[in-house]
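Just so you know, the sequences run in chain order X and F. Position one of the first sequence corresponds to residue 6 (this note's numbering), numbered consecutively onward. Position one of the second sequence corresponds to residue 51 (this note's numbering), numbered consecutively onward. Cβ atoms here follow ideal geometry from the backbone N, Cα and C, with glycine treated the same way.
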Amino acid sequence: MSTITIREALNQALREELARDETVFLMGEEVAEYDGAYKVTKGLLHEFGSKRVIDTPITELGFAGLGVGAAMAGLRPVIEFMTFNFSILATDQIINSAAKMLYMSGGQFKIPIVFRGPGGSAFQVSSQHSQALESWYAYFPGLKVVMPSTPADAKGLLKSSIRDDDPVIFIEQERMYGNKGEVPDDPDFTVPLGVADVKREGKDVTIVARSLMVPLALKAAETLEQQGVSCEVIDPRTIRPLDIDTIVESVKKTNRVVIAEESHPHFGVSAEISAEIMERAFDYLDAPVKRVSGADVPMPYAKNLENLAIPDVNRIVAAVREVAYLD
Amino acid sequence: MATKVIMPKLSPTMEEGQISRWLKKEGDKVSMGEPLAEIDTDKATMEMQALGNGVLRKILINEGQSAPLGQLIAVIAEPDEDIASVLSEAPASQPQEQKKQEQAPAPEQPQAQPQPQAKAAAATGAVPSRVDNGRQPQPAAISDSGRVIVSPLAARMAAEAGIDLRSLQGSGPGGRIIKKDIEAALTQPKPAPAAPAYPRIVETTRFQQAGASAYRDEPATQIRQTIAKRLVTSLGPVPHFFLTTDIEMDRAAEMRRGINALDPDLKISINDVIIKVTAAALIQHPEVNASFQEKFVRYYEHADIGVAVAIEDGLITPVVRAADQKSLSQIAAEVRELAERARSKRLKPEEYTGATFSISNLGMFGIDEFTAVINPPEGAILAVGAMTPKPVVRDNEIVIRQIMRVTMSCDHRVIDGATGAKFLQTFKKILENPLYLVV
Chain X
6 MSTITIREAL NQALREELAR DETVFLMGEE VAEYDGAYKV TKGLLHEFGS
56 KRVIDTPITE LGFAGLGVGA AMAGLRPVIE FMTFNFSILA TDQIINSAAK
106 MLYMSGGQFK IPIVFRGPGG SAFQVSSQHS QALESWYAYF PGLKVVMPST
156 PADAKGLLKS SIRDDDPVIF IEQERMYGNK GEVPDDPDFT VPLGVADVKR
206 EGKDVTIVAR SLMVPLALKA AETLEQQGVS CEVIDPRTIR PLDIDTIVES
256 VKKTNRVVIA EESHPHFGVS AEISAEIMER AFDYLDAPVK RVSGADVPMP
306 YAKNLENLAI PDVNRIVAAV REVAYLD
Chain F
51 MATKVIMPKL SPTMEEGQIS RWLKKEGDKV SMGEPLAEID TDKATMEMQA
101 LGNGVLRKIL INEGQSAPLG QLIAVIAEPD EDIASVLSEA PASQPQEQKK
151 QEQAPAPEQP QAQPQPQAKA AAATGAVPSR VDNGRQPQPA AISDSGRVIV
201 SPLAARMAAE AGIDLRSLQG SGPGGRIIKK DIEAALTQPK PAPAAPAYPR
251 IVETTRFQQA GASAYRDEPA TQIRQTIAKR LVTSLGPVPH FFLTTDIEMD
301 RAAEMRRGIN ALDPDLKISI NDVIIKVTAA ALIQHPEVNA SFQEKFVRYY
351 EHADIGVAVA IEDGLITPVV RAADQKSLSQ IAAEVRELAE RARSKRLKPE
401 EYTGATFSIS NLGMFGIDEF TAVINPPEGA ILAVGAMTPK PVVRDNEIVI
451 RQIMRVTMSC DHRVIDGATG AKFLQTFKKI LENPLYLVV
């Protein structure tokens, strides 16, 4: 085990997969000469050369389409969006081409492509550069959506995503690149897609959290433990396919659920998880499922308002106390 | 609004109840808390109280008939209230429903010019809502709208345990009944009012076929069914083995005579001495004062001794709690009092459950020796035979001694042969030399 940042873990995953399979290549804005806007691709141009690590113009729809074509032709592209905010420009290629090609070609063209980059809330970059888009992509059949919360998960899940034969949306949380954690040294270490991880075991309330909310949920669980409430924290890690079985098993044990997310509350991932819990574990619920979501407004620029728009530890604690009938 | 009377859970093992006696007739006024009926559970006859005010409009289960937990057995309502919708939820097999409905004195069809009260009742939700997925509907009475507010989990737990949701106070927001409330209701046994036992009216039928012996069929009583169920769960999954020994009782008998001579009111029996000695031996052998609980073995700190008492239609084992800490006179008084109430069926559930070890004594019937069936989850039971003078060899001479033969049945899952034998050795040593009790 070595303790590294999520940024370094992602860099290791890319390096190892570039070395392991020569059909893998990176493409995106500033990924080569500048080492990536967030330095995730640091040193890779030098190591693997300009045929494997390619800078593009500011043309998201264009290079996303190039990637889909390369995948159809047998390569395994890793397309970096400088942030997922800019992936909005490329959605025609992602949704109408990448997600649907296997289906529309009757299984003739698999699309082993990864679209990756930072997403979620960032620090004071306002409405257009600070938003969570996972529910958009998770909506479409044909796409897989992955959101790691630890360095080990980031590395293991990115390697699995590159090796996967379906298009994967891989969303790295912009505020979490510097988070440190232990990562196995084994170069064959991977984390399977579609498998949730119980980050903390507990018996009174289940907290389902992903990405930025995982460390907050774990902190909330610590606070609540001192108040006599035992929380189980589950990180789905993959939003689609969603490991609902692990969540339902936990709910059957705890009878109460809080779902924490930084995205907007309406029509989102928590709404889907909540509906599935209701369908599969209705008779086990002792309280309504409680959601803790980002505010239903575009992300404010002002620091004080930004803080209010994103869930924090106190809001998760309050939600848990509410479903546990403590207040 | 109408109050549905359902078969309540009156003992921890009760699955159905038999109406022993209705204390109110159809048409009688009843108020909340008043005794409504006596119900024969599997262990005792208990009183059921009314949970609503009004008139006992309909009896659906007659005296001598049984109903499973949670089944609608009667309806309390205003004299002129429409109870047709409530009755429509009763199982079709209930007796005389049709006939009685026709005889009912009050108008029950909503078309028949509803009275103001009936209108008000309808407005507040006289039609009870189903809260448990179409299983036996639970009565509704909690919220202003007449609905029981209950979490899905709590509703399911209540349905499984046969708990009347209406009898609970919800502790969640808006009075919602939640898991905690059901758990509290489950751990709090219902108070068992001391109801006198009434002789049961039993339908018996005689049969005679040519060449074969005559026989008669009597409906199996609740207690007989429970005994059958309990014993099958015992000899089936519980691997018994048996240890027998003879005990010279002369000194114990002499001690008993001596104590009773001091104070004739004490009335200590040999069985009381056996209970005291058993408790003392159990404390010395905690591995026998134990219970096999599938995933773990439970060892008890005190010797709670179950004493089998024969009653009119079966047997019951009232428990002398912490017999190891009680004096002979306390044990004697307690056993007398418990046996007395057992025979008149006035024991509370907590008084005949949860022993750690049991004693069955058939000495008074002249039985020399027998084997007893373990009452799970206890680990063992001691079967005590009659004390009789027998010739025995002592110091190469034949002498007469009071000999009592005991056989211990052990659950081999928790007690092994040598473990049981060592316990019995201690038991024999103390009983043959009761001075050990004061050492």
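Identify whether X/H51 lies in helix, strand or coil by the three-state DSSP scheme. If DSSP states are grouped into helix, strand and coil, X/H51 belongs with the helices.
Against X/Y289, what residues of chain F qualify as contacts under a CB-to-CB distance less than 9 Å, listed in chain order? P202, L203, R206
Should X/G112 go down as buried or exposed, given a rule of 16 or more other Cβ atoms within 10 Å for buried? The residue is exposed, with fewer than 16 neighbouring Cβ atoms inside 10 Å.
With DSSP as the reference, identify every bridge partner of F/W5, one or two as the case may be. Not covered by the structure: residue 5 of chain F. The range shown for chain F is 51 to 489.
Test: F/K345 CB closer than 8 Å to a CB of chain X: no
Using beta-carbon positions only, say whether X/P146 and X/K185 come within less than 8 Å of one another. no
Answer with yes or no whether the minimum CB distance from F/G199 to chain X is below 8 Å. Going by the sequence as given, residue 199 of chain F is Ile instead of Gly. No Cβ of chain X is located within less than 8 Å of the beta carbon of F/I199.
Among residues of its own chain, excluding the 5 on either side of F/P243, which ones have a beta-carbon nearer than 6 Å to its beta-carbon? Per-residue confidence for F/P243 stands at a pLDDT of 41, beneath the threshold of 50, marking its modelled position as unreliable; the derived number appears in the next sentence. The answer, listed in chain order, is E97.
Quick one: what does DSSP say F/N411 is sitting in, helix, strand or coil? strand
What's the call for F/M305, buried or exposed, on a 16-neighbour Cβ count within 10 Å? buried
Once the 5 residues before and after F/Q334 are set aside, which same chain residues still bring their CB inside 6 Å of it? T476
What are the boundary residues of the alpha helix (DSSP H) that includes F/A430? Note, F/A430: premise wrong, no alpha helix (DSSP H); beta strand (DSSP E) at 430 to 444.
Verify whether the separation of the beta carbon atoms of F/I123 and F/M57 is less than 8 Å. yes
Across the segment 137 to 151 of chain X and the segment 103 to 110 of chain X, are there enough close Cβ pairs to call them in contact, namely three or more that are closer than 8 Å? Pairwise C-beta distances place the segment 137 to 151 of chain X in contact with the segment 103 to 110 of chain X, as three or more of them are shorter than 8 Å.
Can you name, in chain order, every residue of its own chain whose Cβ lies under 7 Å from the Cβ of X/I321, other than the five neighbours on each side? I212, L221, A222, A225, V263, A265, V297.
Step through the CB atoms of chain X and report whether any lies within less than 8 Å of the CB of F/A222. With the sequence shown as reference, residue 222 of chain F is identified as Gly, and Ala is not the correct amino acid for it. Yes, F/G222 counts as interfacial toward chain X.
Check whether chain F comes within 8 Å of X/Y330, counting only Cβ atoms and requiring the distance to be less than that. yes
In chain order, what residues of the segment 288 to 309 of chain X put their CB closer than 8 Å to some CB of chain F? D288, Y289, L290, D291, A292
Report the option in X/L163, X/E187, X/E284, X/M304 whose CA atom is closest to the CA atom of X/E85. X/L163
At the 8 Å Cβ level, is F/K279 part of the contact set with chain X, yes or no? no
What are the residues that DSSP puts in a beta bridge with X/A104? Note: X/A104 sits in no beta bridge, so no partner.
Indicate the three-state DSSP secondary structure (helix, strand or coil) for F/P249 in the structure shown. Confidence in F/P249 is poor, its pLDDT being 38 and thus under 50, which makes the residue's placement too unreliable to answer from.
With distance defined between alpha-carbon atoms, name the residue in X/A37, X/V45, X/S216, X/E35 nearest to X/G125. X/S216
Starting from X/K56 and walking both ways along the beta strand (DSSP E), at which residues does that stretch end? First-last for X/K56: undefined, no H or E at that position.
Using alpha carbons as the reference points, say which of F/S81, F/R206, F/T367 lies closest to X/K257. F/R206
Near F/N339, what residues of its chain come up, given a Cβ to Cβ distance below 7 Å and the 5 sequence neighbours on each side ignored? L332, Y349, Y350, A353, T406, F407
Check whether the Cβ of F/K472 lies closer than 8 Å to any Cβ atom in chain X. no
Checking contacts by CB at 8 Å: is F/I491 closer than that to chain X? Past the edges of chain F, shown from 51 to 489, lies residue 491 of chain F, and the structure says nothing about it.
Looking at the C-beta of F/K228, does it have a partner C-beta in chain X at a distance below 8 Å? In the sequence under discussion, the amino acid at residue 228 of chain F is Ile, which differs from the Lys named in the question. Chain X, which has a Cβ nearer than 8 Å to the Cβ of F/I228, makes this yes.
Selected residue, minimal CA-CA separation from F/A211, among F/T237, F/G435, F/R226: Here the closest residue by C-alpha is F/T237.
Just checking: is the beta-carbon of X/N260 within a distance shorter than 8 Å of some beta-carbon in chain B? Here the protein chains are X and F, and chain B is not one of them.
Given this structure, state the Cα-to-Cα distance separating X/V200 from X/Y142, to the nearest angstrom. 18 Å
So is F/P155 buried or exposed if we call it buried at 16+ other beta carbons inside 10 Å? At F/P155 the pLDDT is 44, less than 50, meaning the model places this residue with poor confidence; the figure from the coordinates comes in the next sentence. It is exposed - the Cβ of F/P155 has fewer than 16 other Cβ atoms within 10 Å.
DSSP bridge partner residues for X/V238 (one or two, in chain order): X/R205, X/I212
Just the Cα atoms here: how many angstroms apart are X/S279 and X/P270? 12 Å
Please classify F/K54: does DSSP put it in a helix, a strand, or coil? strand
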